[in-house]
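Using numbering that gives the first Met the number 0, you'd call the opening residue of the sequence shown number 0 and step up by one each time.
Just so you know, even glycine gets a beta-carbon here, dropped at the ideal spot from N, CA and C.
From a predicted model like this one, the values you see are computed outputs, not experimental measurements.
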Amino acid sequence: MLFVKELKKVVCSVTFVLYLAVLILFYATQFSSDADSIVTEPVAGRDNYGMTETDDPAVIISAAIEGLSREVELNSYVAYPVGFYKEVTLTDAKQAKMKDILAQLKERYQKGELSYEAFLEYMRQADKLIGGGSYYSDRFLISRFGTVSASYEDARREYEAFVSEDKITGAYARLFCDYLGIVLGIMPVFVAAALVERDRKAQMEQLVFSRKISSAALVVNRFLALIVSMAVPVLLLSIAATIQVFGIYEGMSLDPAAIIGMAGIWLMPNILIASAVGMALTEIYSPLLAVFAQSVWWIFSISTGKLTGAIHKFTLVLRHNNLLKRQIFVRQTGDFLFNRCFYIVAALILVAVTVWIYEKKRKGGFGGNAGFKKDFSRKLKISV
0 MLFVKELKKV
10 VCSVTFVLYL
20 AVLILFYATQ
30 FSSDADSIVT
40 EPVAGRDNYG
50 MTETDDPAVI
60 ISAAIEGLSR
70 EVELNSYVAY
80 PVGFYKEVTL
90 TDAKQAKMKD
100 ILAQLKERYQ
110 KGELSYEAFL
120 EYMRQADKLI
130 GGGSYYSDRF
140 LISRFGTVSA
150 SYEDARREYE
160 AFVSEDKITG
170 AYARLFCDYL
180 GIVLGIMPVF
190 VAAALVERDR
200 KAQMEQLVFS
210 RKISSAALVV
220 NRFLALIVSM
230 AVPVLLLSIA
240 ATIQVFGIYE
250 GMSLDPAAII
260 GMAGIWLMPN
270 ILIASAVGMA
280 LTEIYSPLLA
290 VFAQSVWWIF
300 SISTGKLTGA
310 IHKFTLVLRH
320 NNLLKRQIFV
330 RQTGDFLFNR
340 CFYIVAALIL
350 VAVTVWIYEK
360 KRKGGFGGNA
370 GFKKDFSRKL
380 KISV
C-alpha cells in the first residue's frame, strides 16, 4: 500500500526521530514537571490569593488612564505590532494628539460622564496613534488593566471551577496542549519538508511520473502518513498525562477523556497546517523556504508576551499556561473553535495546491521541478 510505504519513510527518517525527541523532552521538562504541582483548596484568612482578571469597567478605566498617563509623560509606549516587543516614541504631532486624548479622558472621567463605550473608543484612538498592538488595543486591554488582587472568594470560585467544571483533567488538558502546541507549531514542517525533499533527491519523481499513480493519491497518502505518524506520539503522551494526573488526584472525580479529547481538537490543526506548509513550499521551491516561512510565522505567534489567554481567530500557537483562569478560556471559546477550523481548512487547501503543482510538473508544466523553481525565483525577484 502507498500509505504504508510513505509511513515507513516518515518514521524511519532522522527528522522524525528529532521530532519525537523534542516532543518527549518538552513533555517531560515542561508539562510533566508542572503537573506535579497540586492545586489545593484555598484556606480562608491568608494575606495573598494571587491575582485575577476582572471585566469591571471601573477597574479597567482607572488603571488604563493611569497607565496611559505614565506612557504619555515618558513618550514611550509598549506595543506588540507584529508579535515582537517594541517601544514606540511618537512624533510631536502624534504626541500632541495623544495628550489631547488623555486630557479628554481625565476630564470626562472626573466629571463622571465617561461611559465604557466612550472609553473604549478613546483607547482605540490611542492604539491607532501608537501603531496597533499596544496595551490599549482590544486584545490587551482587559489582561493589562483588569488584573486585581484576588480575594478568598475569587480563589474559592477558581478552585470550584477547577474541580466541578473542569473535572481537574480539563485544566490539565489546556496546560498539556499549551506546552505541546509550541512544539507542534514548528516541528512538523521539518518532517514534511524532509520527506518531500528526500524523494526529489532520490529522483523518485521520475519513477512516480512513469507509473499509474495519480498525483492526488500520492500527495494525499503522503500527507496522511505525516499526520498519522506525528499524531500517534501526541496521543500516547496525552494518555500518559491522563495517567499522571489520575495518580496525583487519586480518589477525586476526574474526566478520563479530557486531555485526549482536547489534544485532538487543539493540537491536530497545528500538525495539519505545519505539515501542509512543509509539503507545499518544498514542492514549490525548497525545504529551506518551507522551514523559513513556518519559523517566521511561529516566532511571531509565540512572541506576544502573553502566556494565558493568547487565543485569537488567527493565532498559530494558542496559549493558556495556567491550571486555573478557566473563565478566560471560556470567554475565548468562539475564537478558539473558529481558529482550529480555519487551520484545518487552510491545511486542506494547501494540500489541494500541492496536488495541482505536482500534477502540472508531472505533465511537463513549468519545465519540471527545476523549471518551476527557476520560474518561481524569477517571479519572486520581479515582485521584490
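C-alpha distance - residue i paired with residue j, whole-angstrom precision
| i | j | result |
| --- | --- | --- |
| Gln-29 | Ile-23 | 10 Å |
| Ala-275 | Tyr-284 | 14 Å |
| Lys-98 | Asn-321 | 37 Å |
| Lys-7 | Leu-235 | 19 Å |
| Val-244 | Arg-173 | 13 Å |
| Asn-47 | Ala-262 | 33 Å |
| His-319 | Lys-362 | 47 Å |
| Lys-85 | Val-71 | 16 Å |
| Tyr-18 | Ala-57 | 48 Å |
| Leu-266 | Met-278 | 19 Å |
| Tyr-158 | Val-182 | 29 Å |
| Tyr-79 | Glu-120 | 20 Å |
| Phe-291 | Ala-273 | 12 Å |
| Ala-256 | Arg-325 | 18 Å |
| Thr-14 | Thr-281 | 15 Å |
| Arg-339 | Gly-44 | 42 Å |
| Arg-107 | Gly-145 | 20 Å |
| Ser-213 | Val-16 | 29 Å |
| Ile-88 | Leu-73 | Note on identity: in this sequence residue 88 is Thr, with Ile being the wrong assignment. One C-alpha to the other measures close to 9 Å. |
| Ser-75 | Lys-166 | 44 Å |
| Leu-101 | Val-38 | 42 Å |
DSSP-derived helix/strand/coil call for residue i
| i | result |
| --- | --- |
| Lys-359 | helix |
| Tyr-108 | helix |
| Thr-51 | strand |
| Val-383 | Since pLDDT at Val-383 reaches only 39, below the 50 mark, its modelled position is unreliable, and the value read off the structure follows with that caveat. Coil, per DSSP. |
| Glu-40 | coil |
| Lys-324 | coil |
| Glu-86 | strand |
| Thr-281 | helix |
| Arg-138 | coil |
| Ser-133 | strand |
N- and C-terminal bounds of the alpha helix (DSSP H) containing residue i
| i | result |
| --- | --- |
| Val-71 | 56-73 |
| Val-195 | 186-200 |
| Leu-315 | Per DSSP, Leu-315 belongs to no alpha helix (DSSP H) and is neither H nor E. |
| Glu-152 | 151-159 |
| Cys-176 | 168-183 |
| Tyr-18 | 13-25 |
| Arg-400 | Shown here, the chain extends from 0 to 383; a query on residue 400 therefore has no answer. |
| Ser-31 | 31-34 |
| Pro-286 | 286-301 |
| Glu-5 | 1-10 |
Span of the beta strand (DSSP E) around residue i
| i | result |
| --- | --- |
| Thr-146 | 146-148 |
| Ala-401 | Outside the shown range of the chain, which is 0 to 383, sits residue 401, and nothing can be said about it. |
| Val-77 | 76-78 |
From the options, residue whose alpha carbon lies closest to that of residue i
| i | options | result |
| --- | --- | --- |
| Leu-217 | Trp-297, Tyr-357, Leu-183 | Tyr-357 |
| Pro-41 | Arg-155, Ile-59, Ala-92, Thr-146 | Arg-155 |
| Ser-252 | Thr-314, Ala-309, Ala-292, Thr-168 | Thr-168 |
| Tyr-26 | Thr-146, Gly-250, Cys-11, Val-233 | Val-233 |
| Gln-124 | Leu-104, Gln-109, Gly-111 | Leu-104 |
| Ala-345 | Leu-271, Asp-55, Thr-332, Val-77 | Leu-271 |
| Tyr-151 | Thr-51, Ala-92, Met-122 | Thr-51 |
| Ser-148 | Ile-348, Val-10, Glu-116, Thr-53 | Thr-53 |
| Ala-34 | Asp-165, Ala-240, Lys-127 | Ala-240 |
| Thr-353 | Asn-74, Gly-246, Ala-289, Phe-335 | Ala-289 |
Residue i beta carbon near the ligand SAH (any heavy atom closer than 8 Å)
| i | result |
| --- | --- |
| Gln-103 | Of ligands this structure carries none, so the ligand SAH is not represented either. |
Task: Sufficient close CB pairs (3 or more, under 8 Å) joining the stretch 139-152 to the stretch 217-224 - done: no
Task: Three or more C-beta pairs below 8 Å linking the stretch 172-186 and the stretch 62-80 - done: no
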